[in-house]
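First the structure, in the form of structure tokens, and then the observations on it.
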Ligand code: AMP
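Numbering (our numbering), first residue to last: 149 to 536.
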């Protein structure tokens, strides 16, 4: 079964054609600068497509040029926000599209773009089955004590202000692979998954389900990230507001100018590690703050899951930065965690154990693959969905 996976942003459209049975990628690409016509931002710049429909024409042409004639069985969309309604991937129809659209206020940068991608496909291929795979869905199992903010009830009931969690597709996929690596059924897996990319979140898994996660109402809460602050005292925002900062100023500062970039001047973990090793004090501070924050969450989630059976690292930093993994692990001595320096430093694309046999719990590196997870979920929904 061939599935086209679409990750539609406001000005970009990322795609992959996947053979689900083989687990392989047949072709992939990225269309950028959608809606940024008029010569782009420089002389000789190629004009971007006018809108998502035109971008889809480019995707279609690129796929056919690469692969010739082929029969797509379905399209799987990464949809950022599924609100309280969506706990599973769903087959898209007009009502579902409108339901995703109604969630726009909760994810103003992402859901409108996801809907544009869905509508572009509906217009071009009206009979193509489409499936929405939500970033929030895996966290619908959070117990109320984990998703509630201690603010007046009205904020939740009237405005939907609660913790939703994100990166769910990755956390779920990595949970399944980690359980398999440990020879456990997924229902037997209690552990902590650290998804550390440019955006980063950590999830507490009990019995294969998410019971807590560090991102909240938006992907800003929790860990220190590439350009996002993660947790801070909300009074800081009040203080800045009183000092004349606009909501947009505060949003930009917290989402784009903070995190590693704010502390070390660079949002790329490789560069920050190199700078720290070369003696840069700001880079060392950034690594200290980032690894300490994560270690605190891991300790808390060890409690939340009733004793983790494993700690798992994934995504760009989690899979590749042995230095960062070591910094986190050295703060987890109280949990009896001990990395094997040799195994930790090994480079591999395979799921693997990097702790010593004496470590109280195994520490794993498990590569994530959100597109693969979306393609598999899409195939499963289409395979079991109503006849079309
Ligand atoms: P992602 O968002 O999952 O693509 O992850 C991006 C982050 O992973 C960036 O901070 C990169 O610096 C980091 N990263 C990617 N490759 C490596 C590597 N080989 N060593 C250290 N960090 C890496």
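Beta carbons are placed, not taken as given, at the ideal position from N, Cα and C, and that holds for glycine.
Here the alpha carbon of residue 288 sits roughly 9 Å from the alpha carbon of residue 230. Distance from the C-beta of residue 283 to the nearest heavy atom of ligand 1 is not below 6 Å. The alpha helix (DSSP H) runs lying completely inside the segment 419 to 470 and spanning 4 residues or more are 429 to 452, 463 to 468, given in chain order. Note: residue 162 is bridge-paired with 155, 178 in the DSSP secondary-structure output.
Judged by pairs of C-beta atoms under 8 Å, the segment 456 to 465 touches the segment 501 to 516, as three or more such pairs exist. Following the DSSP letters along the chain, one finds residue 278 inside the beta strand (DSSP E) bounded by residues 278 to 282. Pairing residue 228 with residue 152 gives a Cβ-Cβ distance that is not under 7 Å. Annotation note: the segment 344 to 397 contains the following uninterrupted beta strand (DSSP E) runs of length 3 or greater, listed N- to C-terminal: 348 to 354, 357 to 361. Exposed is the label assigned to residue 242, since fewer than 16 other Cβ atoms lie within 10 Å of its Cβ. Counted as a single uninterrupted DSSP element, the stretch harbouring residue 287 is not any beta strand (DSSP E), since DSSP gives it neither H nor E.
Here residue 353 has 319, 323, 337, 338, 339, 340, 341, 359, 453 as same chain residues with Cβ atoms under 8 Å from its own Cβ, once five neighbours each way along the sequence are excluded. In the structure shown, residue 244 adopts helical secondary structure according to DSSP, grouped into three states. In terms of side-chain proximity, the C-beta atom of residue 469 is found nearer than 6 Å to a non-hydrogen atom of ligand 1.
Linking residue 168 to residue 495 through their CA atoms gives a straight-line distance of about 26 Å. Counting along the chain, residue 207 sits inside the alpha helix (DSSP H) bounded by residues 200 to 215. Within the same chain, Cβ atoms closer than 7 Å to the Cβ of residue 264 are found at 156, 200, the five residues on either side in sequence being excluded. Less than 7 Å separates the beta-carbon of residue 467 from that of residue 515. The shortest C-alpha to C-alpha distance from residue 365 to any of 374, 357, 308, 349 is the one to 308. One Cα belongs to residue 216, the other to residue 210, and the distance between them is close to 10 Å. The C-beta distance from residue 372 to residue 362 rounds to 11 Å, too long to meet the 8 Å contact threshold.
Residue 170 sits in coil when the DSSP states are folded into three classes, being neither helix nor strand. Remark: the shortest separation between the CB of residue 363 and any heavy atom of ligand 1 does not fall under 6 Å. Here residue 377 is buried, its C-beta having at least 16 other C-beta atoms within 10 Å. If you ignore the 5 residues before and after residue 529, its C-beta comes within less than 6 Å of the C-beta of 237, 239, 279, all in its own chain and listed in chain order.
When distances are taken from the beta-carbon of residue 316 to the heavy atoms of ligand 1, even the shortest one reaches 6 Å or more.
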